[in-house]
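Quick note on my numbering: the sequence shown kicks off at 1 and runs consecutively.
Where is the CB? At the ideal position from N, CA and C, for every residue including glycine.
Computed from a prediction, not measured in an experiment: that's the story for all the values here.
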Amino acid sequence: MTEATVSFSTQSAVGFILRLGRALHMFGYASHRLEELLEQTASRLQLNGQFFSTPTSIYCGFGEMEHQQTYLIRVEPGNLNLGKIVDLDHVLAEVVNHRLTPEEGSAQIDSIVKAKPEYNKFITTLAYGLASVAASQFIGGGVKEMFIAAIIGLMIGLLSLIADLYTPLNKVFEPVAATVAAGIAGALSVWFGPYSVFNATLAGLILLMPGFTLTVALTELTTRNLVSGTSRLSGAMIVFFGIGFGVTLGTKLTLMMFGTPRIGASFPLPWWAAYLSLLLISIAFAILLRAHLRDSIWIMLVVVIAVTVSRTGSALLGPELGPFLGALTVGLTSKIYAQLLRRPSTVTQAPGILLLVPGSLGFQSIASLLDNQIVPGVGIAVRMILTAMALVAGILISNILLPVRRR
Numbered sequence: 001m002t003e004a005t006v007s008f009s010t011q012s013a014v015g016f017i018l019r020l021g022r023a024l025h026m027f028g029y030a031s032h033r034l035e036e037l038l039e040q041t042a043s044r045l046q047l048n049g050q051f052f053s054t055p056t057s058i059y060c061g062f063g064e065m066e067h068q069q070t071y072l073i074r075v076e077p078g079n080l081n082l083g084k085i086v087d088l089d090h091v092l093a094e095v096v097n098h099r100l101t102p103e104e105g106s107a108q109i110d111s112i113v114k115a116k117p118e119y120n121k122f123i124t125t126l127a128y129g130l131a132s133v134a135a136s137q138f139i140g141g142g143v144k145e146m147f148i149a150a151i152i153g154l155m156i157g158l159l160s161l162i163a164d165l166y167t168p169l170n171k172v173f174e175p176v177a178a179t180v181a182a183g184i185a186g187a188l189s190v191w192f193g194p195y196s197v198f199n200a201t202l203a204g205l206i207l208l209m210p211g212f213t214l215t216v217a218l219t220e221l222t223t224r225n226l227v228s229g230t231s232r233l234s235g236a237m238i239v240f241f242g243i244g245f246g247v248t249l250g251t252k253l254t255l256m257m258f259g260t261p262r263i264g265a266s267f268p269l270p271w272w273a274a275y276l277s278l279l280l281i282s283i284a285f286a287i288l289l290r291a292h293l294r295d296s297i298w299i300m301l302v303v304v305i306a307v308t309v310s311r312t313g314s315a316l317l318g319p320e321l322g323p324f325l326g327a328l329t330v331g332l333t334s335k336i337y338a339q340l341l342r343r344p345s346t347v348t349q350a351p352g353i354l355l356l357v358p359g360s361l362g363f364q365s366i367a368s369l370l371d372n373q374i375v376p377g378v379g380i381a382v383r384m385i386l387t388a389m390a391l392v393a394g395i396l397i398s399n400i401l402l403p404v405r406r407r
C-alpha cells in the first residue's frame, strides 16, 4: 500500500495508539520510554496526545485542553517479551510511514498479542535450569553447586508453569519459589554435601531477583518519571523481602525435617569456564525473554562484550566504574544494533543489563538483615544502589552519545 492511498479517521488513529500502548506495557516496556514513544506516534499521526504511564495503568489524553478526550487503560505489570516488542515496532513503523492504515495496524497488534509463545513450555523450563547453572559459575560455584542450582532452576521453571495456570500462586510466586529453592539446596546437602548452599540457592533464584526492576525504577526516577519510578522501586523492595522471607522459611523447614545442612566451600572452575557460562546464559536469556531466534546471536555478542568490559573495568578502575563501563558498552552496542537492523535497542540492551544488575547484592543484603547483621546488610544495600546507579548512568549517557532515530 502506498502513502497516497492511505487515509484514516482520528478515532481509528486513537484506537491504534491505545492498543499499541497496552500491548507494549504488557510486554515489559518501561514507563518513561512508553510515554515518549506514544507521544512521538501521536505526533506522526497528527494528533495532540498526552500520556502518563505507571506500572499498572496508562492514562491517555487526546485533543486540546478544553475538549480533551481521556482514556484509562488498566494493565498488569508484564514480563519482557522481546520478540513481540520487535513485531510491534515493525507494525508501528508501517503505520506512521503510511504503509498501513491505523485500522490495519490495530488488527495486526491484536494478532501479535494473541500469537503463540516463541518457545514451548519444555524449552522454557530447560532455560531456567540453564540460567541457574551459568549463574552458579559466575558467583564462584563449582560442579556440585552448579548441579544443585540446575535442579532448583528446573523446579522453579515448573513452578512458573503452575503459576501461569493458577492465579493465586502467581500472587505469591517469589516467596514460594524461594522457600522451595532453599529447601532443595539444604535438603540435598545432607546427601550430596558438603557444598555452598548459599551459592546454589542464589543461583537457582537468580532469575527472580528484581535487580533489573530496580535499575529500571532508578532510570525512571532519574528521568523525572517520579510516580512510576517510586512504584517500581517499592515493588522491587517487596520482592527482595519476599524472597528473603521464603529463603528463611525454607531453611527452617529443612532444619526441622532433614537436620543441619552440610555446608562447605565451593571449588570454582578454571577461568575459561566463565566464557562457556556466558554463552549458556545468553541462550537462556534469549529463550526466557522470548526473543526471536534470529536475534539470539546478537544477544550473545552484546552479553559477552558487556561482561568482559565490566569485569575488566572493575579490575582496572574499581568496582564502581566497572558496571558503568559495562552499561555504557551495552547501550552503545544496542544502539548500533538498532540502527543497522532497524529493530528496537531493547532486544539486546535488556539481556546485557540483566547480567550486570545487582540482584545478588540485594539478596545478600536482605539475608544479612534477617540474620541480625545490620551493619553489613546496610553496607551491601548501599553497594547495590550505587551499582544500579552506575548502570543507569551508563545507559543514559549512551543515549546522549548515540541517540536512536526512529523510522
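By the CB criterion at 7 Å, residue 156 and residue 185 fall outside the cutoff. With a cut-off of 8 Å on Cβ pairs, the segment 114 to 131 is not in contact with the segment 64 to 79, counting fewer than three such pairs. Residue 204 is positioned such that its CB atom lies closer than 7 Å to that of residue 153.
CA-to-CA, the gap between residue 38 and residue 232 works out to about 20 Å.
Linking residue 273 to residue 109 through their CA atoms gives a straight-line distance of about 42 Å.
In this chain, residue 219 is not harboured by any beta strand (DSSP E); it is covered by the alpha helix (DSSP H) spanning 211 to 222.
CA-to-CA, the gap between residue 56 and residue 403 works out to about 28 Å. Counted as a single uninterrupted DSSP element, the stretch harbouring residue 337 is not any beta strand (DSSP E) but the alpha helix (DSSP H) occupying residues 321 to 341. Comparing alpha-carbon positions, the option among 26, 28 and 21 lying closest to residue 40 turns out to be 21. In this structure, residue 83 lies near residue 291, with their beta-carbon atoms less than 7 Å apart.
In the three-state reduction of the DSSP assignment, residue 282 falls in the helix class.
Here residue 326 really is in contact with residue 356; their C-beta atoms are around 5 Å apart, less than 8 Å. By the criterion of at least three beta-carbon pairs nearer than 8 Å, the segment 87 to 104 is not in contact with the segment 126 to 142. Ranking 200, 226 and 18 by CA distance to the CA of residue 88 puts 18 first. In the structure shown, residue 128 falls within a helical segment according to DSSP collapsed to helix, strand and coil. Take residue 70, set aside five residues on each side of it, and the residues of its chain with a beta-carbon closer than 6 Å to its own are 61, in chain order. DSSP, reduced to helix, strand and coil, places residue 373 outside both helices and strands of the structure shown, so it counts as coil. When rounded, the separation of the alpha-carbon atoms in residue 263 and residue 301 is 37 Å.
Here residue 398 really is in contact with residue 328; their C-beta atoms are around 5 Å apart, less than 8 Å.
A contact between stretches requires three or more CB pairs, one per stretch, nearer than 8 Å, and the segment 169 to 180 fails this requirement with the segment 213 to 222. Setting aside the 5 residues that flank it on each side, residue 78 is surrounded in the same chain by 25, 26, 27 and 28, each with a C-beta closer than 7 Å to its C-beta; the list follows chain order. Under DSSP, residue 54 forms a beta bridge with 57. Ranked by how close their Cα comes to the Cα of residue 96, the residues 376, 45 and 297 have 45 in first place.
The secondary-structure analysis by DSSP pairs residue 70 across a beta bridge with 61. Pairing residue 113 with residue 23 gives a Cβ-Cβ distance under 7 Å. Around the C-beta of residue 48, fewer than 16 other C-beta atoms lie within 10 Å, and the residue is accordingly described as exposed.
The alpha-carbon separation between residue 362 and residue 43 amounts to approximately 41 Å. Under the three-state reduction of DSSP, residue 263 is assigned to strand. In the assembly as shown, residue 390 is a buried residue. Its beta-carbon has 16 or more other beta-carbons within 10 Å.
Per the Cβ contact rule, the segment 277 to 293 is not in contact with the segment 242 to 249 (fewer than 3 Cβ pairs under 8 Å). Residue 230 and residue 167 have their C-alpha atoms some 26 Å from each other. For the options 321, 311 and 304, the alpha carbon positioned closest to that of residue 334 is the one of 304. Between residue 392 and residue 218, the C-beta spacing is below 7 Å. Taking C-beta separations shorter than 7 Å and ignoring five residues to either side along the sequence, the partners of residue 368 in its chain run 376, 377 and 380, following chain order. Here DSSP, grouped into helix, strand and coil, assigns residue 250 to helix. The beta carbon of residue 345 is closer than 7 Å to those of 334, 335, 337, 338 and 404 in its chain, skipping five residues each way along the sequence.
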